[in-house]
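Student: Starting off with a structure, shown below.
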Amino acid sequence: MFRVASLEMFSLRDTMFINADTLHSLQILDAESHPHLHNRGPTQNSPGSKEGLSVYGLFHRFARTSQGRSQLRRYFLRPSLDINIINERLQAVSVFVRPDNENILQELTKSLKSIGNMRVVLLNLKKGASGSTEGRTGLSRSVWVAIRSVSNLKSRTMGSR
């Protein structure tokens with residue numbers, strides 16, 4: 169059964185409202201039925217559709233986690249009207265697409281992949297847990313190693329400037 173874990177207030181004041189027809193017309197989001205929908209149908213892991221040719225569809229493959237894909241989807245569904253937030257996002261993207269950052273980005277991506285579900289990891293870190301979960305290598309082996317390698321990457325990047 170579903171439980172409400174927490175309630176959170178947020179403001180939509182600095183976001184743009186885009187209705188479903190506009191999202192479809194501009195091909196921002198466009199889900200299409202899965203070719204084998206009649207065989208498999210929707211399940212808990214798959215809603216029975218796949219992302220079609222859309223702007224979101226071009227970018228969602230770069231989001232490695234379900235939380236990342238969800239956040240990216242929110243960015244497309246509720247784009248910001250705040251020029252500072254827009255500029256921050258553009259600056260972040262410009263750092264990632266620079267050719268001289270390609271090796272560091274690959275190492276960072278490789279290190280962060282081993283963390284897995286970030287929400288669960290952060291909850292366990294708050295609790296101080298360092299043991300393993302079913303089928304996982306454990307926080308002590310995956311998260312702490314990844315955090316250490318990310319901090320090493322950061323110090324190497326800062327030292328080379």
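For what it's worth, our numbering labels the leading residue of the sequence shown as 169, then goes sequentially.
Cβ atoms here follow ideal geometry from the backbone N, Cα and C, with glycine treated the same way.
Given a threshold of 16 other Cβ atoms within 10 Å of its Cβ, counted over all protein chains shown, does Ser222 qualify as buried or as exposed?
Tutor: In the sequence shown, residue 222 corresponds to position 54, counting from 1. With 16 or more Cβ atoms within 10 Å of its Cβ, Ser222 is classed as buried.
Student: Helix, strand or coil, according to DSSP, for Ser234 in the structure here?
Tutor: Reading the sequence shown from its first residue, position 66 is the one you call residue 234. Of the three classes helix, strand and coil, the one that applies to Ser234 here is helix, per DSSP.
Student: Could you tell me whether the region 221 to 241 touches the region 269 to 276, using the rule of 3 or more Cβ pairs below 8 Å?
Tutor: The region 221 to 241 is not in contact with the region 269 to 276.
Student: Among residues of its own chain, excluding the 5 on either side of Phe185, which ones have a beta-carbon nearer than 8 Å to its beta-carbon?
Tutor: Along the sequence shown, one-based indexing puts residue 185 at 17. Arg246, listed in sequence order.
Student: Going by alpha carbons, who is nearest to Asn320 out of Ala260, Ser279 and Asp250?
Tutor: Reading the sequence shown from its first residue, position 152 is the one you call residue 320. Among Ala260, Ser279 and Asp250, the Cα nearest to that of Asn320 belongs to Ser279.
Student: Pick from Thr233, Arg237 and Glu176: whose alpha carbon is nearest that of Leu197?
Tutor: Reading the sequence shown from its first residue, position 29 is the one you call residue 197. Looking at the Cα atoms, Arg237 is the closest of the given residues.
Student: Consult DSSP for Ser279 and reduce its assignment to one of helix, strand or coil.
Tutor: One-based indexing of the sequence shown puts residue 279 at position 111. In this structure, Ser279 counts as helix in the three-state DSSP scheme.
Student: Report the rounded CA-to-CA distance for Arg232 versus Arg241, giving the unit in angstroms.
Tutor: Residue mapping note: residue 232 aligns to position 64 of the sequence shown, counting from 1. Residue mapping note: residue 241 aligns to position 73 of the sequence shown, counting from 1. Near 13 Å, if we compare the C-alpha coordinates of Arg241 and Arg232.
Student: Just the C-alpha distance for Ala173 and Phe264, rounded to the nearest angstrom, thanks.
Tutor: The count along the sequence shown starts at 1 and reaches residue 173 at position 5. The count along the sequence shown starts at 1 and reaches residue 264 at position 96. Distance between the alpha carbons of Ala173 and Phe264 is about 35 Å.
Student: So the candidates are Leu191, Leu194 and Ser248; which of them puts its Cα closest to the Cα of Arg181?
Tutor: On the sequence shown, position 13 is the one that residue 181 refers to. Among Leu191, Leu194 and Ser248, the Cα nearest to that of Arg181 belongs to Ser248.
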